[in-house]
Amino acid sequence: MIGHGGGGRLSGELVEHLFRPAFATSGAALGELHDAATLALDGGAGRLAFSTDSYVVRPLFFPGGSIGELAVHGTINDVSMSGAQPIALSCGFIIEEGLELATLGRIADRMGDAARAAGVPIVTGDTKVVDARLADGVYVNTAGVGVVPDGVDIRPSRATPGDVLVVSGPIGLHGVAVMSQREGLEFGTQIESDSAPLHGLVGAMLDAHRDLHVLRDPTRGGVAASLCEIASSAAVGVEYDEAAIPVPPEVAAACSFLGLDPMNVANEGKLVAFVPPEGVDAVVAAMHDHEHGRGARVIGRVVADHPGVVVARTRLGASRVVDLPLGEQLPRIC
Amino acid sequence: MRFLDEFNDPELARRLFDEIERLATREWAIMEVCGGQTHSIIRNGIDQLLPDSIELIHGPGCPVCVTPLGVIDKALEIAALPEVIFCSFGDMLRVPGSQHDLFQIRSEGGDIRVVYSPLDAVRLAEEHPDRQVVFFAIGFETTAPPNAMTVHLAHQRGLTNFSVLVSHVLVPPAIEALCSSPTSRVDAFLAAGHVCSVMGTWQYGPLVDAYQVPIVVTGFEPLDVLDGIRRAVAQLEAGEARLENAYERVVSSAGNAAAQAMIEDVFQVCDRQWRGIGEIPASGWRLSDRYADFDAELRFGVSDVDAPESSLCRSGEVLQGLIKPHECEAFGKECTPRAPLGATMVSSEGACAAYYQYRRLDVVPVEVGVG
Chain W
-4 MIGHGGGGRL SGELVEHLFR PAFATSGAAL GELHDAATLA LDGGAGRLAF
46 STDSYVVRPL FFPGGSIGEL AVHGTINDVS MSGAQPIALS CGFIIEEGLE
96 LATLGRIADR MGDAARAAGV PIVTGDTKVV DARLADGVYV NTAGVGVVPD
146 GVDIRPSRAT PGDVLVVSGP IGLHGVAVMS QREGLEFGTQ IESDSAPLHG
196 LVGAMLDAHR DLHVLRDPTR GGVAASLCEI ASSAAVGVEY DEAAIPVPPE
246 VAAACSFLGL DPMNVANEGK LVAFVPPEGV DAVVAAMHDH EHGRGARVIG
296 RVVADHPGVV VARTRLGASR VVDLPLGEQL PRIC
Chain X
65 MRFLDEFNDP ELARRLFDEI ERLATREWAI MEVCGGQTHS IIRNGIDQLL
115 PDSIELIHGP GCPVCVTPLG VIDKALEIAA LPEVIFCSFG DMLRVPGSQH
165 DLFQIRSEGG DIRVVYSPLD AVRLAEEHPD RQVVFFAIGF ETTAPPNAMT
215 VHLAHQRGLT NFSVLVSHVL VPPAIEALCS SPTSRVDAFL AAGHVCSVMG
265 TWQYGPLVDA YQVPIVVTGF EPLDVLDGIR RAVAQLEAGE ARLENAYERV
315 VSSAGNAAAQ AMIEDVFQVC DRQWRGIGEI PASGWRLSDR YADFDAELRF
365 GVSDVDAPES SLCRSGEVLQ GLIKPHECEA FGKECTPRAP LGATMVSSEG
415 ACAAYYQYRR LDVVPVEVGV G
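If you read the protein sequences in the order shown, they are chains W and X.
The numbers in the working numbering rise by one with no breaks, and the one at position 126 of the first sequence is 121.
To convert a position in the second sequence, counted from 1, into the working numbering, add 64.
Printed below as a string of structure tokens:
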């Protein structure tokens, strides 16, 4: 079902119950679910980070980006969330017969531009064409490799009570931009995707404080899904203050109109960091000095209570449980 | 869009809470009719912050929740037909019928489209003259005008491949049914502001008089809800029963004349089954006879589907405010958003879904390590 790809509970179950048992090996890099796997190199220093993602976005072009930028930024970000600096990307195209060559050319140009701007070259690739109506124009897969610096150990299960949650900037822009373009919705102002590569920001954060505990780029399912997954895999409680979440007014308006929660809406150029308290000031200062972290804010903390559960403090001072969305976000009736 | 932060201001909210606390000298049960208000209350934790003497009872105003199983089954049957493009608001896709939901029909090849505006369904019919486009017209008075507009336009444009599956319901007859029920505990009602923006407030005066119950037309943001509660408590404490409008920035007493004219043209009042509650006389709209050609039930011959409800599901009692969601034995066990027994566990406006989603910590044990 389509909900199995929505990044919510159904996606998690697919990985947990179908793929994980099927792919089990003795050297289990899949042991801990994370955006990127890290692999020790025989005899060498550092570790290799390795990740892949497929991009099936519709429409192919949207305000602030296209499937091309997404495919480059998304995989760079997945690799970066292990603390690695990405060194190269691969790409695979699955093209529907009949796609205009000019369209494919524009996508390729955008990918090339994005990769050059990020300083992470695309070094290998593959192309397949399928019959008309078997794909939505074009699907793009990218994989990326990077090197995790010595002394860096970033993974979900390191979330520890006392850690401070930092989000790198305003949330919900990508999801609302794509949705408004796809459905022809207009909200008075043009909302642009926040698609951006985050490895530079991650590098600056690590320079400020080596011992970051967890990084996550909150794409499908939004910040709420990322927090739920991390709370669950580290068996810690997570709390955030609703009033501290940076939600741009136009995103708040669009979400209110559609009955969505900005915390569940996808981002493509933001990260959430779990930082030990002694490093917070330095990390937030470093983020504010970086172009992709200017809007960074502390939004919450890790607690020892209610392990596995995320709790929001509402503006009015009450609290509520924050759930992993089941599958697709469904606009409500009235 | 303005007014999001203004109506969510913690300091003003604090003052309203204090005022309610000062006013309330005894126990009162107030029903918010609309599911949108229920979610606002639970999501923002308003019920946690009210004095213990004020109980909020969650009403039946969730269109997805009260759409009868038989109608869902009709929708599923029509949506599975190969010639059909079935258009629905997103909310309806996960509502369980007696066998499946629309998501399952879609994964088995049914052409089901989520629309944001009902008029998108008319556009689809124009773009696909070789297909039958069916729009699932459900909801309260709020969604009725645009839904009626689809039929009006399809008629005007001579579209023969467009039809609607109608299951509209009306708020005032539901309030009347609750007031006249011997089991009702409701002392005052918060009426649904958006319904009143269409229909006005004039329908509620007779209910206030007949049942001597305060009705306060109320909005949806936290301060709107709190002001509605404050006014209801003030009336109850003074021994009054009046119709009050606490949502004047949106609602007038006459309502929206153009919208009412569109409804009048396309729909006519009928008796209607409410899921979990039963039949309420004159509580719905169906297509009026002059638009019978656009009736999907007639076009696809599905008017006789009848289906029994799960015997475990107590959503009817939840919808009438007789029990709270977590007092149902199946809550969080046999019935979860993943495998819902009743629509109140599915819809973003359903009380069971609100309790499961936001109050799980208090009411059901949580699994760790999934995900």
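For each residue, glycine too, the CB sits at the ideal point set by N, CA and C.
Identify the residues that DSSP records as bridge partners of residue i: which are they?
i: Gly60/W; result: Phe57/W
i: His232/X; result: Gly203/X, Trp349/X
i: Cys243/X; result: None; Cys243/X has no bridge partner.
i: Val280/X; result: Leu254/X, Glu308/X
i: Val198/X; result: Phe150/X, Ser227/X
i: Lys123/W; result: Ile89/W
i: Leu210/W; result: Ala268/W
i: Ala307/W; result: Tyr235/W, Arg315/W
i: Cys260/X; result: Cys260/X pairs with nothing; no bridge assigned.
i: Met95/X; result: Ile121/X, Phe253/X
I'd like to know whether the C-beta of residue i is nearer than 8 Å to at least one C-beta of chain W.
i: Tyr311/X; result: no
i: Ala189/X; result: no
i: Ala298/X; result: no
i: Gly109/X; result: yes
i: Tyr422/X; result: yes
i: Leu425/X; result: yes
i: Val286/X; result: Note on residue identity: the sequence assigns Pro, not Val, to residue 286/X. Yes, contact with chain W.
i: Cys416/X; result: no
Taking residue i as the reference, give the member of the options with the closest Cα.
i: Glu167/X; options: Gly125/X, Leu188/X, Ala305/X, Ile136/X; result: According to the sequence provided, residue 167/X is Phe. The question's Glu does not apply to it. Considering only alpha carbons, the answer is Ile136/X.
i: Val333/X; options: Pro115/X, Glu91/X, Ile344/X, Gly340/X; result: Ile344/X
i: Glu413/X; options: Asp73/X, Gly100/X, Ala144/X, Asn72/X; result: Gly100/X
i: Pro278/X; options: Leu254/X, Ala360/X, His258/X, Leu287/X; result: Leu254/X
i: Asp116/X; options: Gly134/X, Ile94/X, Pro127/X; result: Ile94/X
i: Arg150/W; options: Val118/W, Glu224/W, Gly87/W; result: Glu224/W
i: Gly30/X; options: Ala298/X, Glu301/X, Pro236/X; result: With chain X covering only 65 through 435, there is no way to say anything about residue 30/X.
i: Gly179/W; options: Gly303/X, Leu271/X, Val179/X, Glu308/X; result: Val179/X
i: Ile294/W; options: Gly164/W, Gly139/W, Asp148/W, Ala154/W; result: Gly164/W
i: His122/X; options: Ala403/X, Ser367/X, Gly380/X, Gly406/X; result: Gly380/X
i: Glu237/W; options: Leu9/W, Val162/W, Val142/W; result: Val162/W
i: Ser85/W; options: Met76/W, Thr70/W, Glu91/W, Leu94/W; result: Thr70/W
i: Ala219/W; options: Leu201/W, Asp37/W, Gly167/W; result: Gly167/W
i: Leu99/W; options: Pro81/W, His287/W, Gln80/W, Ser61/W; result: Ser61/W
i: Val124/W; options: Val135/W, Ile117/W, Gly114/W; result: Val135/W
i: Pro124/X; options: Ala212/X, Ala415/X, Gln112/X; result: Ala415/X
Using 8 Å as the limit for Cβ to Cβ distance, is residue i near chain X?
i: Thr309/W; result: yes
i: Ala313/W; result: yes
i: Val209/W; result: no
i: Asp126/W; result: no
i: Glu330/W; result: There is no way to answer for residue 330/W, as the model of chain W reaches only from -4 to 329.
i: His29/W; result: no
i: His301/W; result: yes
i: Val306/W; result: yes
i: Asp131/W; result: no
i: Asp318/W; result: yes
Under 6 Å Cβ to Cβ from residue i, same chain only, skipping five residues before and after it: list those, please.
i: Phe226/X; result: Ala189, Val197, Ala218
i: Gly264/X; result: Ser317, Ala318, Gly319
i: Cys151/X; result: Arg177, Val179, Ala185, Phe199
Closer than 8 Å by C-beta to residue i: which residues in its own chain qualify, once you throw out the five before and the five after it? Chain order, please.
i: Ala23/W; result: Since pLDDT at Ala23/W reaches only 49, below the 50 mark, its modelled position is unreliable, and the value read off the structure follows with that caveat. Answer for Ala23/W: no residue qualifies.
i: Leu271/X; result: Pro236, Ile239, Glu240, Cys243, Val277, Ile279
i: Val434/X; result: With a pLDDT of only 34 at Val434/X, under the threshold of 50, the placement of this residue in the model should not be trusted; the figure read from the coordinates follows. No residues qualify anywhere along the chain.
i: Ile387/X; result: Arg378, Glu381
By Cβ distance below 7 Å, which residues in the same chain neighbour residue i in space, the five residues on each side in sequence not counted?
i: Glu64/W; result: Arg105, Ala109, Ser190
i: His169/W; result: Ser188, Asp189, Ser190, Ala261, Asn262, Glu263
i: Asn12/X; result: What the structure shows of chain X is the stretch from 65 to 435, and residue 12/X is not part of that stretch, so it cannot be assessed.
i: Ala394/X; result: Leu376, Cys377, Leu405
i: Leu133/X; result: Gly161, Ser162, Arg339, Ala371, Glu373
i: His192/X; result: Ile149
Using a Cβ cut-off of 7 Å, which residues of the region 73 to 84 of chain X contact any Cβ in chain W, in chain order?
-> Pro74, Ala77
Can you list, in chain order, the residues of the region 110 to 122 of chain X whose Cβ is nearer than 8 Å to any Cβ on chain W?
-> Ile110, Gln112, Leu113
Under 8 Å (Cβ pairs) to chain W, residues found in the region 177 to 211 of chain X | Val178, Tyr180, Ile202, Gly203, Phe204, Thr206, Thr207
What are the residues of the region 271 to 282 of chain W that lie near chain X, defined by any Cβ-Cβ distance shorter than 7 Å?
-> Going along the region 271 to 282 of chain W in chain order, one finds no residue with a Cβ nearer than 7 Å to chain X.
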